[in-house]
Amino acid sequence: MYLHTVNATTALSTFDGSGGGTDQLASGWNTGGGIIPHGPLPLPPSATVLNYGQGLFEGLKAFRREDGKIVIFRPYKNAERCRSGCTRLLIPPVPDDVFVSAVKQCVRANAQYVPPYRQGALYLRPLVFGSGAKLGVSASDEFTLCVWCSPVGNYFGGGGKGGVEDVPPITLLASNVYRRSCEGGVGGTKFIGNYAAVFKCQSETKMKGFNEALFLDANTGRGIEEAGASNFFAVLEKGGKKTLVTPGLDKGTILPGVTRDTVIRVAREVLGITVEERRLSLDELGSCVEAFCCGTGASLTPVGEVVEEIGEGEEKKYKCWRGERKAGEITRRIYDVIQGIMWGDGEEEIEEKYGEWVEVVEPEE
-2 MYLHTVNATT ALSTFDGSGG GTDQLASGWN TGGGIIPHGP LPLPPSATVL
48 NYGQGLFEGL KAFRREDGKI VIFRPYKNAE RCRSGCTRLL IPPVPDDVFV
98 SAVKQCVRAN AQYVPPYRQG ALYLRPLVFG SGAKLGVSAS DEFTLCVWCS
148 PVGNYFGGGG KGGVEDVPPI TLLASNVYRR SCEGGVGGTK FIGNYAAVFK
198 CQSETKMKGF NEALFLDANT GRGIEEAGAS NFFAVLEKGG KKTLVTPGLD
248 KGTILPGVTR DTVIRVAREV LGITVEERRL SLDELGSCVE AFCCGTGASL
298 TPVGEVVEEI GEGEEKKYKC WRGERKAGEI TRRIYDVIQG IMWGDGEEEI
348 EEKYGEWVEV VEPEE
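In my numbering, the protein residues as written are -2 to 362.
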């Protein structure tokens, strides 16, 4: 397999993180880059990413359609989020065209590893990090964009060529000990430290027999934020009316997931479902009739139950399904539309409307 790398060298004294100097910094990225064999990257031990964690990553997928074409789903949305994260971490924002070009070149070089139609995807992992040597606690003046990839199946298992109804519902443990982020922090970015910080919680959660942790807000310990690697949605039913609810982004503590945005737009614009982005309390799950996690890795994964530990050996269970314990109707409808757009085998009218979401990777000449 192969990597694609791009480098930048900038004078960070011109960059204050508030927008000033952004264009100057962005121009420091070398738009050439190059493909190299998958393997170790040369880094000095004093690189800021190794010492101070100055880095972030993105995640997106390439699919092989029935006609053999390889497409990437919403890469410009990932590029937009990457720019925002770079600004927060005092990294020169990667221009969208540089980001997407690097991703596409990585796909071209690894086209043989893209799984067959509807049998998986090629997961792409762009990394942006401080690669320059720095002893003092400050930002680097050298940076690297690296894209690597791996063929993957479904994050939580199940699925295959079938629909989301074939994916076994997972059980989440609402952590009453650990918090993923706080207001004013970096929870709204794909900062690399956000993920290492939840390893211990995830490990303990799985040792207790649960699939994943569900993180609550740092202020009250009651507001749902997100799962360890995915956003959370719940369908609440009150007075016979169903509403799709997901935690809002206004506090900056939740990752603005690309799949999250896709779910919201499909639900509202295609299916006419009422969607609310707001604070979602754990207590509201008493009226939950279906729920799911979503993300590039997780796709849409139904949630069967959320368990809250309320004391030594005590717990409260929130049932997230009605009827059969499997993906609910709204989850299935959203999933089917998104998959149709990705794979190019959905309704023609919908594909035309959202054609800009799909970037075709032209083969090497």
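Virtual Cβ for every residue (Gly too), placed ideally from N, Cα, C. Note that the coordinates shown come from a computational prediction; the quantities given were computed from them, not determined experimentally.
- By the Cβ test, the segment 311 to 319 is not in contact with the segment 175 to 188, since fewer than three Cβ pairs between them sit closer than 8 Å.
- At the C-beta level, residue 66 and residue 334 stay beyond 9 Å of one another.
- Taking all protein chains in view, the Cβ of residue 111 is crowded by 16 or more other Cβ atoms within 10 Å, so the residue is classified as buried.
- The closest CA to that of residue 190, considering only 37, 0, 47, is found on 47.
- Classified as exposed, residue 132 has fewer than 16 neighbouring CB atoms from the shown chains inside 10 Å of its CB.
- Beta-bridge pairing by DSSP links residue 308 to 311.
- Rounded to the nearest angstrom, the Cβ distance from residue 97 to residue 113 is 25 Å, too far for a contact under 8 Å.
- Boundaries of the beta strand (DSSP E) harbouring residue 120: 118 to 127, taken from the DSSP string.
- Rounded to whole angstroms, residue 246 and residue 274 show a C-alpha spacing of 8 Å.
- With fewer than 16 other Cβ atoms inside 10 Å of its own Cβ, residue 174 counts as exposed.
- CA-CA distance, residue 330 to residue 260, rounds to 10 Å.
- Ranked by Cα distance from residue 217, the first of 255, 163, 302, 279 is 279.
- Going by DSSP, residue 327 is part of the alpha helix (DSSP H) stretching over 326 to 340.
- For the pair residue 290 and residue 232, the CB atoms are not nearer than the 9 Å cut-off.
- Residues of the same chain with a CB within less than 6 Å of the CB of residue 150, apart from the 5 flanking positions on each side, are 117 in chain order.
- The beta carbon of residue 54 sits closer than 7 Å to the beta carbons of 122, 123, 124, 187, 189 from its chain, once the five residues preceding and following it are set aside; these are given in chain order.
- Each of 239, 236, 238, 250 was checked against the Cα of residue 212, and the nearest Cα belongs to 250.
- In chain order, 166, 167, 169, 288, 289, 290, 317 place their CB closer than 7 Å to the CB of residue 300, counting only its own chain and leaving out the 5 sequence neighbours on each side.
- In this structure, the alpha-carbon of residue 353 lies about 43 Å from that of residue 205.
- Residue -1 is bridged by DSSP to 34.
- A Cβ-Cβ distance of about 5 Å is found for the pair residue 74 and residue 255, placing them in contact under the 8 Å criterion.
- The beta carbon of residue 235 sits closer than 7 Å to the beta carbons of 284 from its chain, once the five residues preceding and following it are set aside; these are given in chain order.
- For residue 45, the closest C-alpha among the options 141, 0, 58 is that of 141.
- In the three-state reduction of the DSSP assignment, residue 72 falls in the helix class.
- Listed in chain order, the non-local C-beta contacts of residue 106 below 6 Å within the same chain comprise -1, 32, local neighbours out to five positions each way being set aside.
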